[in-house]
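S.K.: The structure under discussion is supplied below as structure tokens; questions concerning it will follow.
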RNA sequence: UCCUCGGUAGCUCAAUCGGCAGAGCGGGUGGCUGUUAACCACUAGGUUCGAGGUUCGAGUCCUCGCCGAGGAGCCA
């Protein structure tokens, strides 16, 4: 007779049944005549209890000889037990070992340094903390796509490999492309704009690459960005979309990931507070507020990381910083109708010091002004010919933004560093594993 | 590129003023019938990142180098 193979998360609905689970041994304790096998299968964890007098001597000895992370198949009867975190444990009747490691598992039960853990990222992902973060990441992405789909958006992905250097070669990864050079995408936005003229409401979602030598807790060289782009949305419509998207994501994480947030010891009251309307500050108001708070960033400069941190600590909900000086922003942003020195853009800063999670803008839709901006910034015109075509053939008011997935995950999960928010972080000095 | 901090047992760290290189975890052996990062006893385990220098004596001080972390700059 073969017992039913069950996921650990489903064990509570099989009380008093004999079942099989397949997974890994993440810890083993023993009191001499009782072994406690801590088991994990990806869906959850459960304690297997093996009592010496209830199993054969060979089996009892075999269990004692297991090393951490042995892959096993355990047969047992599901018992209710109020001492167990999930309310159930498994009275083990049989054990089959797929593989018992011949060396000790590198990641121990006590603390490790970040360098060691990153070197062992392939094993670190097995830890409960990393599992919680990856489940939240999955929910963030899933709920973002869900929100856009429900609101009439079409997924139109953009290319990863681009032949044009675009806006300044500094931040681009160069690759060999047969007999010429190509570059890894920094953004899909320009392509999304073209798609918006075809489909109205679109978004792209994929990896983006920045060859910047940034060494901060907010930067990765490879990260995932969600970029919606909407025809006939202006600056204000754009911010309303961002607000709706973020509220939806946070609500869905709260709905589905309570266990994960608890295991990360995240203060969920901070997340429950994330509701519309968000705060709005014009750039000049932000600078004024910063000066009162001790910053010496001059009017006209972009906000530094420190500035973002200070600002977000003043608010309990996300805050939009609107209409930056033209000089610190990209060429494609639309000039402010009331002030030619400003552009119609917004950065959305997450609270608790997390800072920028979204950067968006209304796009310049006037051919002459756009080409003037390209020339002003000393950019080559040839690569932008197709982009300029969008302003020649039925130009249209349109807006969009880019949301950094890892920054959102780091904020919602309460992480100290963005590198834990992606399965395989790529930073300036880390390409492995 | 700049600033700061660090590199000691497999891992995390300690070592006072320059004076015998230690602890916890992990490993090994033994014990324990309800453990929750189990516990208890015993035990093995070291080129103190590298090269040079000062000194009776260097983990500790000096010089150079290598590696990493945090931050700045950079970064829609």
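Residue numbers (my numbering): 2 to 434. We treat Cβ as the ideally placed atom computed from N, Cα and C, and that holds for glycine.
For residue 346 versus residue 325, is the C-beta distance shorter than 7 Å?
M.R.: Translated into positions along the first chain, residue 346 becomes position 345. Translated into positions along the first chain, residue 325 becomes position 324. Result yes, Cβ atoms of residue 346 and residue 325 sit closer than 7 Å.
S.K.: Excluding sequence positions up to five away, which residues of its chain have a Cβ less than 8 Å from the Cβ of residue 368?
M.R.: For the purposes of this step, residue 368 is taken as residue 367 along the first chain, with counting starting at 1. Contacts found: 389, 392, 393 and 396.
S.K.: Output needed for residue 82: all residues of its chain with C-beta closer than 8 Å, excluding positions within five of it in sequence on either side, in chain order.
M.R.: The residue labelled residue 82 in the question sits at position 81 within the first chain. Here the set comprises 88, 89 and 90.
S.K.: Determine whether the beta carbon atoms of residue 157 and residue 231 lie at a separation below 7 Å.
M.R.: Within the first chain, residue 157 is the residue found at index 156, counting from 1. Within the first chain, residue 231 is the residue found at index 230, counting from 1. No, Cβ-Cβ distance for residue 157 and residue 231 is not below 7 Å.
S.K.: Measuring alpha carbon to alpha carbon, tell me which residue in 120, 242, 14 and 306 is nearest residue 78.
M.R.: Residue numbering aside, residue 78 sits at position 77 when the first chain is read from its first letter. Among 120, 242, 14 and 306, the Cα nearest to that of residue 78 is on 14.
S.K.: Name the residue from 66, 74 and 360 whose alpha carbon lies nearest to the alpha carbon of residue 95.
M.R.: Here residue 95 is taken as the residue at index 94 of the first chain, counted from 1. When only C-alpha atoms are compared, the closest one is 74.
S.K.: Going by beta carbon distance, what residues of the same chain come within less than 8 Å of residue 359, once the five residues before and after it are set aside?
M.R.: Within the first chain, residue 359 is the residue found at index 358, counting from 1. Only 243, 247, 347, 348, 349, 402, 403, 404 and 405 meet the Cβ criterion.
S.K.: Hey, is the stretch 406-415 in contact with the stretch 131-142, meaning 3+ C-beta pairs nearer than 8 Å?
M.R.: Yes: the two stretches touch, three or more of their Cβ pairs being nearer than 8 Å.
S.K.: Mind checking which residues open and close the alpha helix (DSSP H) that includes residue 151?
M.R.: The count along the first chain starts at 1 and reaches residue 151 at position 150. 129-151 is the span of the alpha helix (DSSP H), which, as asked, contains residue 151.
S.K.: In terms of DSSP beta bridges, what is residue 226 paired with?
M.R.: Mapped onto the first chain, residue 226 falls at position 225. DSSP lists 207 and 405 as partners of residue 226.
S.K.: What do you reckon, are the CB atoms on residue 265 and residue 251 nearer than 7 Å?
M.R.: Looking up residue 265 in the first chain gives position 264. Looking up residue 251 in the first chain gives position 250. Contact: no.
S.K.: Indicate the three-state DSSP secondary structure (helix, strand or coil) for residue 239 in the structure shown.
M.R.: As a first step, residue 239 must be located in the first chain, where it is residue number 238. Reduced to three states, the DSSP call for residue 239 is helix.
S.K.: Can you tell me whether residue 46 is helix, strand or coil according to DSSP?
M.R.: In the first chain, counting from the first residue as 1, residue 46 sits at position 45. In the structure shown, residue 46 sits in a strand (DSSP, three-state: E or B).
S.K.: For residue 337, count neighbouring Cβ atoms within 10 angstroms of its own Cβ and tell me buried if that reaches 16, exposed if not.
M.R.: The count along the first chain starts at 1 and reaches residue 337 at position 336. With 16 or more other Cβ atoms within 10 Å, it is buried.
S.K.: Assuming the contact rule is C-beta atoms closer than 8 Å, residue 354 and residue 314 should be a hit. Round their C-beta distance to whole Å, please.
M.R.: Position 353 of the first chain, counted from the first residue, corresponds to residue 354. Position 313 of the first chain, counted from the first residue, corresponds to residue 314. So it is a contact: roughly 6 Å between Cβ atoms.
S.K.: Along the chain, where does the beta strand (DSSP E) containing residue 518 start, and where does it finish?
M.R.: Given that the chain is displayed from residue 2 to residue 434, the structure contains no residue 518 and the question cannot be resolved.
S.K.: Could you tell me the alpha carbon to alpha carbon distance between residue 275 and residue 50, rounded to whole angstroms?
M.R.: Residue mapping note: residue 275 aligns to position 274 of the first chain, counting from 1. Residue mapping note: residue 50 aligns to position 49 of the first chain, counting from 1. Roughly 43 Å separates the two Cα atoms.
S.K.: I'd like to know whether the C-beta atoms of residue 71 and residue 399 end up nearer to each other than 7 Å.
M.R.: Taking the first residue of the first chain as 1, we reach residue 71 at position 70. Taking the first residue of the first chain as 1, we reach residue 399 at position 398. Not in contact: residue 71 and residue 399 (Cβ atoms no closer than 7 Å).
S.K.: What did DSSP end up calling residue 196 once you bin it into helix, strand or coil?
M.R.: Within the first chain, numbered from 1, the residue matching residue 196 stands at position 195. Here residue 196 sits in helix by DSSP.
S.K.: If you follow the alpha helix (DSSP H) that residue 307 is in, where does it begin and where does it stop?
M.R.: Here the question's residue 307 lines up with position 306 in the first chain. Run containing residue 307: 306-313, per the alpha helix (DSSP H) assignment.
S.K.: Anyone know if the C-beta pair for residue 121 and residue 107 falls short of 7 Å?
M.R.: Position 120 of the first chain, counting from 1, holds the residue named residue 121. Position 106 of the first chain, counting from 1, holds the residue named residue 107. Contact: yes.
S.K.: For residue 258, which three-state DSSP category applies?
M.R.: Taking the first chain and counting its residues from 1, the one referred to as residue 258 is at position 257. The answer is coil: DSSP assigns residue 258 none of H, G, I, E or B.
S.K.: Can you check which of these residues, 269, 8 and 335, is closest to residue 370 by C-alpha distance?
M.R.: The sequence position of residue 370 within the first chain is 369, counting from 1. Of the listed residues, the one whose Cα sits closest to residue 370 is 335.
S.K.: When the distance is taken between beta carbons, is residue 209 closer than 7 Å to residue 186?
M.R.: Walking along the first chain from the start, residue 186 turns up at place 185. Walking along the first chain from the start, residue 209 turns up at place 208. Yes, the pair counts as a contact, with Cβ atoms nearer than the cut-off.
S.K.: Alpha carbons only, please: which of 7, 434, 17 and 44 is nearest the one belonging to residue 261?
M.R.: Within the first chain, the letter at position 260 stands for residue 261. Ranking 7, 434, 17 and 44 by Cα distance to residue 261 puts 44 first.
S.K.: Residues bridged to residue 98 by DSSP?
M.R.: For this step, residue 98 is matched to residue 97 along the first chain. Per DSSP, 73.
S.K.: When burial is assigned at 16 or more other CB atoms within 10 Å of the CB, is residue 177 buried or exposed?
M.R.: Indexing the first chain from 1 puts residue 177 at position 176. Exposed: under 16 other Cβ atoms inside 10 Å.
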